[in-house]
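Asker: Residue 291 in our numbering sits at position 292 of the sequence shown, and the numbers go up by one each step. Where a beta carbon is used, it is the ideal one built from N, C-alpha and C, also for glycine. Fair warning: this is a prediction, and the values are worked out from it, not measured in the lab.
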Amino acid sequence: MAEAVVTVMLGNLNSLIQKRFGLVWGLNKEMEKLSSILSTICAVLEDAEERQLRERAIKNWLQKLKDVAGELDDILDECLMEASLLEYKRQSSRSTQKVRASFFSCFNPKNTPFRFRIAKRMQDVSDRLDAIANERMKFHLREVVQGRHLQVIDKRQTGSIVDEKHVYGREEDKDKIVEFLVDNSRSSKDLSVYPIVGMGGMGKTTLAQLVYNDERVRRHFEIKIWVCVSEDFDVKRLIKAIIESASGNACDALDMDPLQKRLQKMLERKKFLIVLDDVWNEDQEQWEGLRNVVACGLNGSSIVVTTRLKKVALIMGTIPMHQLSVLSEDDCWSLFNQRAFGNESEERPNLAKIGKESVKKCKGIHWLQRL
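1) DSSP three-state call for V98: helix, strand or coil?
2) For S35, count neighbouring C-beta atoms within 10 Å of its own C-beta (all shown protein chains included) and say buried if the count is 16 or more, exposed if not.
3) From A82 to T6, what distance separates their C-alpha atoms?
4) Should V124 and V67 be called a contact, given that it needs their Cβ atoms to be closer than 8 angstroms?
5) For a test of the three-state rule: what should DSSP assign to D277, helix, strand or coil?
6) Would DSSP call T306 helix, strand or coil?
7) Tell me which residues share the same chain as A56 and place their Cβ nearer than 8 angstroms to its Cβ, disregarding the 5 neighbours each side in the sequence.
8) With distances taken Cα to Cα, identify the nearest neighbour of D73 among R116, G168, L52.
9) Kindly list the residues whose CB is nearer than 6 angstroms to the CB of D153, restricted to its own chain and excluding five residues on each side of it in sequence; keep chain order.
10) Measure how close the beta-carbons of V226 and G288 come, nearest whole angstrom, since I'm counting them as under 8 angstroms.
11) When DSSP labels each residue in this structure, what does L22 get in the three-state scheme?
12) Counting C-beta neighbours from all protein chains within 10 Å, is the total for N248 16 or more, i.e. buried, or is it exposed?
13) Just to confirm my understanding: we take E50, look at its own chain, exclude 5 residues before and 5 after, and list those with CB closer than 8 angstroms. What are they?
14) Just curious, the alpha helix (DSSP H) that I36 is in, first and last residue?
15) If you draw a straight line from the C-alpha of M320 to the C-alpha of V196, how long is it?
16) Any idea what DSSP makes of H139, helix, strand or coil?
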């Protein structure tokens with residue numbers, strides 16, 4: 000359990016570093032130090048979790064780690080929210096000059112409180128984690144480094160089910176995509192790939208869920224398949240996931256060739272829809288390896304891809320990408336109102352006023368309504 004938690008945080012932290020947010024905020028040294036400490040700790044967690052059942056001292060050590068990890072998780076959540084706002088400013092700016100100005104606007108003195116506050120908290124957590132990392136030495140824990148792949152685990156695994164009563168402002172987007180998917184069979188002989196693109200928290204997954212569950216789509220496609228991809232674009236894993244989603248049964252571990260043949264047997268001479276949610280892969284060869292396997296259905300078969308990255312959309316898409324726009328302020332308020340007050344905001348006017356001010360700060364970013 001501790002290993003999974005630390006791995007998630009390490010992935011989020013490294014993502015912020017790779018996207019240069021650490022440099023933008025002036026926190027790169029702090030972030031890199033935290034990443035180094037977490038990597039050191041992570042290398043011994045497999046052994047620690049096995050031995051904690053027999054050794055109380057190790058169990059207590061893991062508990063201390065979890066306590067500090069919870070504080071670091073809060074810090075990273077705040078950083079991810081700030082990063083989402085910066086991404087929004089970059090994408091909404093029209094000129095290069097505005098992009099640069101908005102991206103580096105965090106150096107404005109008005110924004111220094113965020114940097115100082117986060118830096119102080121990071122330093123405190125870093126010192127405590129460093130002490131925990133040093134304490135590991137007395138347990139003589141076995142390090143697992145060579146030959147082991149530290150997989151980044153996404154906090155959020157998605158599925159196809161959606162509560163449409165709690166969705167606002169995406170009807171036009173849904174209709175546009177559904178109409179394309181349904182009409183596509185009349186004009187396209189090849190497998191179509193429809194990319195939905197937008198920054199984190201814009202509601203890409205929710206939109207894909209709405210499309211997937213639309214009655215017109217239910218009637219049109221013989222097979223519907225939903226797969227959450229995230230950062231691990233492993234073709235064999237995805238083929239197994241597609242088979243499991245289509246059949247409703249677990250897929251036995253098989254070699255690649257029988258897996259490919261089994262999937263093609265399920266899809267051939269059928270009109271299917273596959274949703275690949277949260278794709279990050281920019282390797283065209285990997286994508287072609289998957290596409291070549293699934294390109295065996297009837298005319299009009301389609302794939303819907305959701306991604307934050309335009310490069311992914313350009314690699315995978317066969318039609319122009321669907322760029323998701325921010326929600327209107329009214330739709331944002333409806334969403335926030337429902338989640339925060341259960342649509343009873345009129346009974347709490349003071350809280351409603353605060354909520355509306357919060358909605359303005361979110362600037363239409365769907366993910367921030369959950370905070």
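Answerer: To lay it out plainly:
1) Confidence in V98 is poor, its pLDDT being 43 and thus under 50, which makes the residue's placement unreliable; the coordinate value appears in the next sentence. Residue state, collapsed to three classes: helix.
2) exposed
3) 20 angstroms
4) yes
5) strand
6) strand
7) F138
8) R116
9) Because the pLDDT at D153 is just 40, under 50, the model does not fix this residue reliably, and the value given afterwards should be weighed accordingly. So the qualifying residues of the chain are S229.
10) About 15 angstroms separates the two Cβ atoms, so there is no contact after all.
11) helix
12) exposed
13) Checking the sequence shown, residue 50 turns out to be Arg, not Glu. Once the five neighbours on either side are set aside, the close Cβ partners of R50 are I57, F138, L140.
14) 27–50
15) 7 angstroms
16) coil
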